[in-house]
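Residue numbers (my numbering), protein chains in the order written: chain A, 382 to 549; chain B, 179 to 254. Ideal placement from N, C-alpha and C gives every residue a C-beta, glycine not left out. Keep in mind that this is a model prediction, so the values were computed, not measured. What follows is a set of notes on a single structure, which appears directly below.
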């Protein structure tokens, strides 16, 4: 059952009265990252009546099903509640965007590296951000710049290319 | 009223106007923050705030929560 519009039910003690806003995912326990509620609104694939006023954290853990948790600890949102798949949950998946604004995937980055031996994606994304073409806060589930993720994907593609060269 | 400049340091820096907006939004949630100006080109965040209401530690914690490590720059 989708968790969208429903209170969290995975290991959260609702009997405890919370006076502080949580920073850790209530399911995996790892520290999340603050995300603008606008980002959650843009990503949700259900009624926005579900939005909670406490704000949200983003869970980056690959192995955790939770994408967003409300900071009052009462709600978790998983990938099926969202309009898009989340890079952090599928970091090596070729078809899942790593850059949601300019639509780059690990697959497209790998293809360029395989073809040319290098990648221009960091430069093109940087140019896009510096000319205000990006909209990370409403297109990227993490609600912020993808450049760190893009750099990691480029690094991974180059490592793979070098590994192939050694084997051949 | 007090002024303070913070510099974003560490591996995650501001890259664009969206990053600036994130920083401004996060800090403006704190009571006692009067003005925030963030600039990704310089990585600087200029603040005016009421020190009796909000502390530098709270501002740093809020920025850390959204992924930015900052250090204090002394205002001239």
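Could you check whether the Cβ of residue i sits closer than 9 angstroms to any Cβ belonging to chain A?
i, result
"residue 192 of chain B", "yes"
"residue 210 of chain B", "no"
"residue 231 of chain B", "no"
"residue 247 of chain B", "no"
"residue 236 of chain B", "no"
"residue 196 of chain B", "yes"
"residue 220 of chain B", "no"
"residue 207 of chain B", "yes"
"residue 216 of chain B", "no"
"residue 186 of chain B", "no"
"residue 250 of chain B", "no"
Taking 9 angstroms as the CB-CB limit, is residue i close to chain B?
i, result
"residue 526 of chain A", "yes"
"residue 416 of chain A", "yes"
"residue 404 of chain A", "yes"
"residue 516 of chain A", "yes"
"residue 443 of chain A", "no"
"residue 495 of chain A", "no"
Is residue i helix, strand or coil by DSSP?
i, result
"residue 441 of chain A", "coil"
"residue 208 of chain B", "coil"
"residue 430 of chain A", "helix"
"residue 408 of chain A", "coil"
"residue 420 of chain A", "helix"
"residue 196 of chain B", "helix"
Among the options, which has the Cα closest to the Cα of residue i?
i, options, result
"residue 406 of chain A", "B/249, B/247, B/248 and B/243", "B/243"
"residue 198 of chain B", "A/540, A/517, A/459 and A/497", "A/517"
"residue 446 of chain A", "A/430, A/435 and A/466", "A/466"
"residue 482 of chain A", "A/496, A/488 and A/515", "A/515"
"residue 499 of chain A", "A/413, A/526, A/534 and A/475", "A/534"
"residue 191 of chain B", "A/401, A/530 and A/409", "A/530"
"residue 452 of chain A", "A/415, A/470 and A/442", "A/415"
"residue 181 of chain B", "B/219, B/237, B/194 and B/189", "B/237"
Go to residue i, then tell me how far its alpha helix (DSSP H) extends in each direction, as first and last residue.
i, result
"residue 537 of chain A", "528-548"
"residue 182 of chain B", "Careful: residue 182 of chain B lies outside any alpha helix (DSSP H), inside the beta strand (DSSP E) at 180-187."
"residue 240 of chain B", "234-243"
Just to confirm the assignment, what range does the beta strand (DSSP E) spanning residue i have?
i, result
"residue 402 of chain A", "Element bounds for residue 402 of chain A: n/a, residue is neither H nor E."
"residue 249 of chain B", "247-251"
"residue 220 of chain B", "Per DSSP, residue 220 of chain B belongs to no beta strand (DSSP E) and is neither H nor E."
Original post:
Going along the chain, which unbroken runs of the alpha helix (DSSP H) with 4 or more residues stay wholly within the stretch 449-524 of chain A?
Top reply: Look at the stretch 449-524 of chain A and you find these whole runs of alpha helix (DSSP H), each 4 residues long or longer: 487-497, 502-511 and 517-520.
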